[in-house]
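Beneath this line is the structure, given in structure tokens, with notes to follow.
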Amino acid sequence: MRRLFPVTDQTPAPGQDGADREWSLDELADAYAYPALAANGHWLRANMVSSLDGAAQHEGRSQPISGETDMRIFGTLRALADVVVVGAETVRQEGYRPARAREAFAARRAAAGQGPAPAIAVVTSGLDLDFSLPLFTSPLVPTLVVTGAGAPADRVAEAVRAGAEVVVAGEGAAVDAGRAVRELAGRGLRRQLTEGGPRLLGQFVAAGVLDELCLTISPTLTAGGAQRIAGGPSVTVPHRLAPACVLEEAGFLFTRYRRI
Numbered sequence: 006m007r008r009l010f011p012v013t014d015q016t017p018a019p020g021q022d023g024a025d026r027e028w029s030l031d032e033l034a035d036a037y038a039y040p041a042l043a044a045n046g047h048w049l050r051a052n053m054v055s056s057l058d059g060a061a062q063h064e065g066r067s068q069p070i071s072g073e074t075d076m077r078i079f080g081t082l083r084a085l086a087d088v089v090v091v092g093a094e095t096v097r098q099e100g101y102r103p104a105r106a107r108e109a110f111a112a113r114r115a116a117a118g119q120g121p122a123p124a125i126a127v128v129t130s131g132l133d134l135d136f137s138l139p140l141f142t143s144p145l146v147p148t149l150v151v152t153g154a155g156a157p158a159d160r161v162a163e164a165v166r167a168g169a170e171v172v173v174a175g176e177g178a179a180v181d182a183g184r185a186v187r188e189l190a191g192r193g194l195r196r197q198l199t200e201g202g203p204r205l206l207g208q209f210v211a212a213g214v215l216d217e218l219c220l221t222i223s224p225t226l227t228a229g230g231a232q233r234i235a236g237g238p239s240v241t242v243p244h245r246l247a248p249a250c251v252l253e254e255a256g257f258l259f260t261r262y263r264r265i
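Here this note's numbering is used: the first residue of the sequence shown is 6, the next is one more, and so on.
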């Protein structure tokens, strides 16, 4: 792993000792630590992967364009978060399971006042979910279902019976992305991580509530018509972000951008 940006006088040059070694989980956690938050503050970061030609998925899943270090960072980002926010379609396609407790991060989470693992919050308007899956029946912390006030009452009741906590974040059936962020923060889930999919990330971008993007650029080409990392209607004015960090390993670029 090499740090390409920002470069400091401690950054090893290519070929020097330490330039290409694998970083420890503690080093990754330090590199990706959330900023200090004000008393009522919250921070929403996204973690996505993209091929060189802009594909966020291959044959409907992100795993084929990911890699070993990308998955280590994926796990680290989860271990730092209070809540992982994900769209229902991604839950179905990627076979989401509950977040697990990881001994390597236990002391860090305890010091931050966090539980053993982040909660998973599924954003859905129709609640077209299989509530018999472990994501709902056996998580370490209850899974949250974020939906609108007009969501189907029978599906809401089924979610509650399965042990999920229902969070209302919209007046109709649809979810208001900005309100979802605020509702989760109001429950003490202030360090937020979204893993997409593209439609949900597009909603956060359009609502102007995304604070940080962690984007892995995979050294792959896929062609085809795969989605980009963010979908939905375009914003009136493109949102400008500032680079915070760029790491490299095995041809993958691990970038972080923050809102200006």
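Heads up, the beta-carbon is just placed ideally off N, CA and C, and yes, glycines get one too.
Can you check DSSP and say which residues form a bridge with residue i?
i, result
"H63", "R66"
"Y262", "L218, P248"
"T152", "V173"
"Q197", "L49, V88"
"R114", "For R114, which the question treats as bridged, DSSP gives no partner whatsoever."
"F136", "DSSP output for F136 lists no bridge partner at all."
"V240", "According to DSSP, V240 bridges with nothing at all."
"S55", "I222"
"E253", "R7, L258"
Would you kindly check if the distance between the Cβ of residue j and the Cβ of residue i is under 8 Å?
i, j, result
"V128", "L205", "yes"
"F136", "A164", "yes"
"T142", "A167", "yes"
"I125", "A154", "no"
"I234", "M76", "no"
"R102", "P139", "yes"
"V294", "L189", "The question about residue 294 has no answer here: the residues shown for the chain are numbered 6 through 265."
"I70", "T225", "yes"
"L9", "V251", "yes"
"A174", "R160", "no"
Using CA coordinates, which residue listed in the options is at the minimum distance from residue i?
i, options, result
"G65", "R245, Q232, V242, E254", "Q232"
"T227", "H63, A154, G120, A104", "H63"
"G80", "F141, A106, A167", "A106"
"V91", "G213, V186, T13, Y39", "V186"
"V12", "R263, E253, I265, F257", "E253"
"G237", "V251, P203, G46", "P203"
"L49", "C219, I222, L215, A126", "L215"
"Q119", "R26, D159, R195, V240", "R195"
"T74", "L134, E170, D25", "D25"
"L134", "S55, P69, A156", "A156"
"A109", "R102, A122, Y101", "A122"
"R83", "V240, L33, T241", "L33"
"G201", "G230, A51, A44", "A51"
"L149", "G229, S130, G131, E170", "E170"
"E176", "T152, R160, A190", "T152"
"G230", "R7, G59, D31", "G59"
"R192", "R160, G46, F257, S67", "G46"
"G256", "T241, S223, V240, S29", "S223"
"D31", "V161, L85, V242", "L85"
"A259", "G100, L218, Q68, L132", "Reading the sequence as shown, one finds Phe at residue 259 and not Ala. Nearest of G100, L218, Q68, L132 to F259, Cα basis: L218."
"A61", "P144, A158, E99, S130", "E99"
"A158", "Q68, R7, S130", "S130"
"A162", "S56, L132, E27", "L132"
If you follow the alpha helix (DSSP H) that residue i is part of, which residue opens it and which one closes it?
i, result
"T74", "73–85"
"A190", "182–191"
"T95", "93–99"
"L30", "30–36"
"L140", "139–142"
"A158", "158–166"
"A212", "203–212"
Residue range of the beta strand (DSSP E) that residue i falls in?
i, result
"F10", "7–10"
"I125", "124–128"
So is residue i in contact with chain D if we call contact Cβ pairs under 8 Å?
i, result
"Y101", "The structure shown contains no chain D; it holds only a single protein chain."
Taking one C-beta from the region 110–120 and one from the region 198–217 each time, how about it: are there three or more such pairs within less than 8 Å?
Counting Cβ pairs under 8 Å, fewer than three are found: no touch.
Touching by the beta-carbon criterion (3+ pairs, under 8 Å), the region 240–250 and the region 258–265
Short answer: they touch.
Sufficient close CB pairs (3 or more, under 8 Å) joining the region 173–180 to the region 39–49
Taking a cut-off of 8 Å on C-beta distances, the region 173–180 does not touch the region 39–49, as fewer than three cross pairs fall below it.
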